[in-house]
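S.K.: I'd like to ask some things about the structure below.
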Amino acid sequence: MNIFRLEFQMNRGRVCERILESSKLWKRWYASLPAPRTHQPMKNFVDKSRAPSDFEDRFALVFSDIISEAESDALIQDIHLKMKRKRWEEGHWDSVITKYKETELDRNLSPTSMKAIERLRCLIEDVSFSGISTVSWLPSHAIHLHKDGKLSAHVDSVKFSGKVVCGLSLLSDSIMRLKPHNDLDRVSNTDSEFIDLYLPQRSLYILSGKGRYKFTHEILQSGAKFRLGTDKCIEITRDDRMSVIFRDAREEQ
Ligand code: OGA
Ligand code: MN
13 MNIFRLEFQM NRGRVCERIL ESSKLWKRWY ASLPAPRTHQ PMKNFVDKSR
63 APSDFEDRFA LVFSDIISEA ESDALIQDIH LKMKRKRWEE GHWDSVITKY
113 KETELDRNLS PTSMKAIERL RCLIEDVSFS GISTVSWLPS HAIHLHKDGK
163 LSAHVDSVKF SGKVVCGLSL LSDSIMRLKP HNDLDRVSNT DSEFIDLYLP
213 QRSLYILSGK GRYKFTHEIL QSGAKFRLGT DKCIEITRDD RMSVIFRDAR
263 EEQ
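In our numbering, each number is its position in the sequence shown, counted from 1, plus 12.
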């Protein structure tokens, strides 16, 4: 056999070997990834049994186990660190929220927290903005609500914040209640119609459409009950709660 031809064949063999080897590595790496998850909202985490008849599922969604325990720990630690020197705000007599601390979150976060926040924004873009990645996000915001603190019924400002209001729940399970309000003062005018959202730790809620604009939202006190499915009622003990709030910027008119 011609020496050049032999040399060529040996080289070709080595190249093939390398390709095979790297494809094996590639496969091994791919197999080590967690199985891809498609996130479906938890229908039974939204109790619509007392909802007005025109309330649609898409107005209020809850996704469970949306971040890992490790991501939750990283976020809680980062938020604690940022709030270390803050005092509990008491709020004024008419304030929506009492006994709380808050901070903006976009800087000085651990890579784990940053990644989790980025992933949640992508999920919200997929669910509520048909995957548009040019949504302009306001800086994320963290709230630490003391176990004796209150977050009473309100509609988020429509001046700066846009179409969705979303929150990641940490530290404590809780219940969010939505109530229809009258347009003038944005205060709820009924106790007979409401929708309850069960918000376990590491879940994400998304309010949009009427759920964002035409209903107030509030966090119920510890001991409130949630109707899970048709025949189960769970009592929620709310301890200190942390939340990370995601809002898109209002579009220029
Ligand atoms: C708010 C609010 C809810 C939450 O900050 O406006 O409604 O989940 N927060 O902390
Ligand atoms: Mn709010």
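Beta carbons are placed, not taken as given, at the ideal position from N, Cα and C, and that holds for glycine.
Could you say which of Ser186, Glu263, Lys244 and Asn194 lies nearest to His158 if we only look at CA atoms?
M.R.: Ser186
S.K.: Please name the residue or residues paired with Glu101 in a DSSP beta bridge.
M.R.: Tyr112
S.K.: Please name the residue, chosen from Ser169, Met95 and Lys162, that lies closest to Arg250 on a Cα-to-Cα basis.
M.R.: Lys162
S.K.: Measuring CB atoms only, is the region 203-213 touching the region 52-70, in the sense that at least three cross pairs come out at less than 8 Å?
M.R.: Verdict: yes, contact present.
S.K.: Can Glu116 and His153 be called in contact, C-beta distance under 7 Å?
M.R.: yes
S.K.: Residue range of the beta strand (DSSP E) that Ile207 falls in?
M.R.: Ile207 to Leu211
S.K.: List the whole-angstrom C-beta distance separating Arg259 from Ser142, where the pair is believed to meet the contact cut-off of C-beta under 8 Å.
M.R.: So it is not a contact: roughly 18 Å between Cβ atoms.
S.K.: Is DSSP giving Ile136 helix, strand or coil here?
M.R.: helix
S.K.: Figure out for me which residue from Gly221, Phe57 and Gly179 has the closest Cα to the Cα of Pro192.
M.R.: Gly221
S.K.: So what does DSSP say about Asp260, is it helix, strand or coil?
M.R.: strand
S.K.: Taking 6 Å as the cut-off, is the C-beta of Gly179 nearer than that to any heavy atom in the ligand OGA?
M.R.: yes
S.K.: Rounded to whole angstroms, what is the Cα-Cα separation between Ile7 and Gly103?
M.R.: Given a span of 13 to 265 for the chain in the structure shown, any question on residue 7 remains unanswerable.
S.K.: How many Å lie between Ile91 and Asn194 at the Cα?
M.R.: 35 Å
S.K.: Is the closest heavy atom of the ligand OGA to the C-beta of Ile218 under 6 Å?
M.R.: Every heavy atom of the ligand OGA is 6 Å or more from the Cβ of Ile218, so no.
S.K.: Quick check: is any heavy atom of the ligand OGA less than 6 Å from the C-beta of Asp185?
M.R.: no
S.K.: Determine the DSSP secondary structure at Met95, reduced to helix, strand or coil.
M.R.: helix
S.K.: Determine the contact status of Arg214 and Ser84, defining contact as a CB-CB distance below 7 Å.
M.R.: yes
S.K.: For a quick check, are the C-beta atoms of Ala72 and Gly179 less than 7 Å apart?
M.R.: At a Cβ-Cβ threshold of 7 Å, Ala72 and Gly179 do not count as neighbours.
S.K.: Take Lys171 and list the residues in its own chain whose beta-carbon comes closer than 8 Å to its own, dropping the five residues that flank it on each side.
M.R.: Arg262
S.K.: When the Cα of Gly235 is compared with those of Thr242, Ile246, Asp106 and Leu219, which residue comes out closest?
M.R.: Ile246
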